[in-house]
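Let me begin by presenting the structure, written as structure tokens, before commenting on it.
2 protein chains.
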Amino acid sequence: MTKQELIYQIRKKNSFLCIGLDVDLNKIPKYLLKLEYPIFEFNKQIINATHHLAVAYKPNTAFYEAYGIKGWKSLQKTIDYLNKKHPEIFTIADAKRGDIGNTSTMYAKAFFEDLNFDSVTVAPYMGSDSVEPFLAFEDKFTIMLALTSNKGGLDFQGMKINNNELYKEVLQKALTWKNSNNLMFVVGATKAKYFESIRKIVPNHFLLVPGVGAQGGNLQDVCKYGLTKDVGLLINSSRGIIYAGNDIDFAKKSAEKAKELQQEMEMILKK
Amino acid sequence: MTKQELIYQIRKKNSFLCIGLDVDLNKIPKYLLKLEYPIFEFNKQIINATHHLAVAYKPNTAFYEAYGIKGWKSLQKTIDYLNKKHPEIFTIADAKRGDIGNTSTMYAKAFFEDLNFDSVTVAPYMGSDSVEPFLAFEDKFTIMLALTSNKGGLDFQGMKINNNELYKEVLQKALTWKNSNNLMFVVGATKAKYFESIRKIVPNHFLLVPGVGAQGGNLQDVCKYGLTKDVGLLINSSRGIIYAGNDIDFAKKSAEKAKELQQEMEMILKK
């Protein structure tokens, strides 16, 4: 998917919502556990109920790998379902990968070719040649961690290098890499006050913003400083949406939560 | 496996060699491609031919994920084979994972429980709560990136924070985390001159050292500053060993290369 197509979908749906498919078998309705692929069945129902409200879905690979082969098959089935039924959806493999050059190329093949995701999240610690192999793929996006939403996020990201925090150095340096127009960045919603200075460094790149909902981030705060003329934000909610219900009508409950966020987004976009 | 058991194996074999199982289908002998699981067959033959010369094996997950379900099955078969046939071998999932707390717990379950590796590599960028869920597992080791062997390794790792490079800050801070005795660190062999200052920060922790061989690192240089009274090093070679041959006798050729390194190690240990 191209950036223009993503922006078109956002305008069409009045939504920049991304739904995180972080499926824990201990948290989904019990009746699904009898099926052969409960995770996929759960995802399918969530997608069917919410695809008109969201522009992106983001399975986090940890929740699939934890269930071994069957988990990986569930991931494959989920992305195949999205690609076949909803090619208009932007898909994100939340994998936070990164390795030396030839190895990052293998990861890029795994997520961009074998699974055919539109984008993958990566970690910056290993530097340019750990990320550039991902950037080499046309019409695919590489979403690099900048400032994360978790408690320990600032342990290193907040360290000062010549009065500039590490996450700012990461953003600045990444812009110098080959095909940096294929980058997006992860910035946590729990760090809303940081968005103003981040937008000075990356005024136009899309930001993937986790942390709204269960982690306590606030949508209005993020939008105040994070929105661009092309919207430029994908706001992710995982647990807040997918675990809204825990019975046979769980997907309907998820859709209600997704609709709340979408309507809030629509109001913000129309202002 | 406990640290004492690992040290016992190193003393017994006079070897601190780790063999990286980074299997690329384009590089293995063609005749294997006819089999149902060429990657596993390749690994099995390498393991059979070298297990007396090495104390650890390290499959890099990228090379398995790139081949989808079949790749993940090959990883499962490889670790099962190691655990069943060679429980004395220290196993490393080179996965470079790291995410927010509840997600890192899922990764830890994937590698420590489902696959039953002895250790997993992780990236530090997201801070304490992205690593501590791994450290919570008893008799399992978490091998955190400190200073990597690749060209871009110093892009961020070499940045100065109050005259202290980021990788040193990472080492120092990690020592304050809960269960930090379950940590090991990745330090690239191509950065041998850095080992002296690294050993001042982590005098006793094991270091996993990639970059000997194809990447140009030198074993003697690394040992000069990196060895501890308990050896404290696992030297990894991947391509230099596993692609030594490309015909029916490939595993024999790999064993010759492994033997060269083991003998060099034996001489160093006996000095």
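Sequence order for the protein chains is B and E. Going letter by letter, the first sequence gives residues 1 to 271 in the working numbering. Going letter by letter, the second sequence gives residues 1001 to 1271 in the working numbering. Ideal placement from N, C-alpha and C gives every residue a C-beta, glycine not left out. On a predicted model such as this, the values are computed, not experimentally measured, just so you know.
Which residues of chain B have a Cβ atom closer than 7 Å to the Cβ of residue i, listed in chain order?
i, result
"T946(E)", "With chain E covering 1001 to 1271 only, the question about residue 946(E) has no answer from this structure."
"M1184(E)", "Near M1184(E) there are no residues of chain B at all, since even the closest Cβ is about 16 Å away, more than 7 Å."
"G1152(E)", "M126, G127, S128, D129, S130"
So, with DSSP's three-state summary, where would you put residue i?
i, result
"E1165(E)", "strand"
"S119(B)", "strand"
"M1106(E)", "helix"
"N1179(E)", "coil"
"Y57(B)", "strand"
"L6(B)", "helix"
"K229(B)", "coil"
"S1237(E)", "strand"
"F141(B)", "strand"
"A49(B)", "helix"
"A146(B)", "strand"
"I1272(E)", "Residue 1272(E) falls outside the range modelled here, since chain E spans only 1001 to 1271, and no answer is possible."
"F185(B)", "strand"
"F90(B)", "strand"
"K961(E)", "Summary: the structure shown does not reach residue 961(E), with chain E confined to residues 1001 through 1271, and so no result is reported for it."
"I131(B)", "The sequence as given places Val at residue 131(B); Ile does not occur at that position. Looking at V131(B) - three-state DSSP - the assignment turns out to be helix."
"G68(B)", "helix"
Going by C-alpha to C-alpha distance, which of the options sits closest to residue i?
i, options, result
"F206(B)", "E113(B), K85(B), I235(B), I28(B)", "I235(B)"
"N179(B)", "P203(B), V170(B), G211(B), S128(B)", "S128(B)"
"M1106(E)", "I1268(E), D1118(E), A1049(E), V1131(E)", "V1131(E)"
"A1123(E)", "N1102(E), D1139(E), I1143(E)", "I1143(E)"
"G216(B)", "R199(B), K191(B), K224(B)", "K191(B)"
"I1039(E)", "L1025(E), I1201(E), K1160(E), D1249(E)", "L1025(E)"
"I242(B)", "N218(B), Y67(B), K140(B), A54(B)", "A54(B)"
"V202(B)", "A189(B), A49(B), K173(B), L219(B)", "K173(B)"
"Y194(B)", "T176(B), N164(B), N246(B)", "N164(B)"
"K1253(E)", "K1229(E), F1016(E), P1029(E), M1001(E)", "P1029(E)"
"T1061(E)", "V23(B), L35(B), M265(B), A110(B)", "A110(B)"
"N218(B)", "Y67(B), V187(B), D99(B), E5(B)", "V187(B)"
"Y1031(E)", "D1249(E), E1065(E), I1007(E)", "D1249(E)"
"I1100(E)", "I161(B), P210(B), G101(B)", "P210(B)"
"T1108(E)", "K1224(E), Y1008(E), I1047(E), D1139(E)", "Note that residue 1108(E) is Ala in the sequence shown here, rather than Thr. Cα-wise, what sits closest to A1108(E) is D1139(E)."
Tell me the rounded alpha-carbon separation between residue i and residue j.
i, j, result
"A1136(E)", "N1181(E)", "11 Å"
"F117(B)", "A93(B)", "6 Å"
"E113(B)", "K1200(E)", "44 Å"
"D1221(E)", "V1212(E)", "10 Å"
"N133(B)", "K58(B)", "As written in the sequence, residue 133(B) is Pro, which differs from the Asn given in the question. The alpha-carbon atoms of P133(B) and K58(B) are separated by roughly 21 Å."
"R1239(E)", "I1089(E)", "20 Å"
"I1010(E)", "H1052(E)", "11 Å"
"I198(B)", "F185(B)", "10 Å"
"N14(B)", "T50(B)", "14 Å"
"K77(B)", "D1080(E)", "25 Å"
"Y1037(E)", "V231(B)", "47 Å"
"G153(B)", "K1257(E)", "43 Å"
"D247(B)", "K259(B)", "19 Å"
"F1042(E)", "L1171(E)", "36 Å"
"V1023(E)", "Q1262(E)", "22 Å"
"V120(B)", "L21(B)", "14 Å"
"L145(B)", "Q4(B)", "23 Å"
"L1208(E)", "A56(B)", "38 Å"
What does residue i touch in chain E if you count any residue whose Cβ is under 7 Å from its own?
i, result
"A123(B)", "G1098, A1123, Y1125"
Name, please, each residue of chain E whose Cβ falls closer than 9 Å to the Cβ of residue i.
i, result
"Q76(B)", "G1068, I1069"
"T142(B)", "Near T142(B) there are no residues of chain E at all, since even the closest Cβ is about 14 Å away, more than 9 Å."
Cβ closer than 8 Å: which chain E residues qualify as neighbours of residue i?
i, result
"A192(B)", "Correct list: empty, because the minimum Cβ distance to chain E is about 17 Å."
"K73(B)", "I1069"
"S197(B)", "Going along chain E, no residue has its Cβ under 8 Å from S197(B), so there is no contact; the nearest lies around 18 Å."
Run through chain B and tell me which residues come within less than 9 Å of residue i, C-beta to C-beta.
i, result
"Q1157(E)", "Y125, M126, G127"
"K1173(E)", "D155, F156"
Output, in chain order, the set of chain B residues within a Cβ distance shorter than 8 Å of residue i.
i, result
"M1267(E)", "Residues of chain B passing the Cβ test: none, with the nearest at roughly 29 Å."
"S1119(E)", "None at all; the shortest Cβ gap to chain B is about 16 Å."
"L1145(E)", "Y125, M126"
"V1170(E)", "F156"
Distance cutoff 9 Å, beta carbons only. Does residue i sit that close to anything in chain C?
i, result
"M106(B)", "Although the question refers to chain C, the structure presented lacks it and instead comprises the protein chains B and E."
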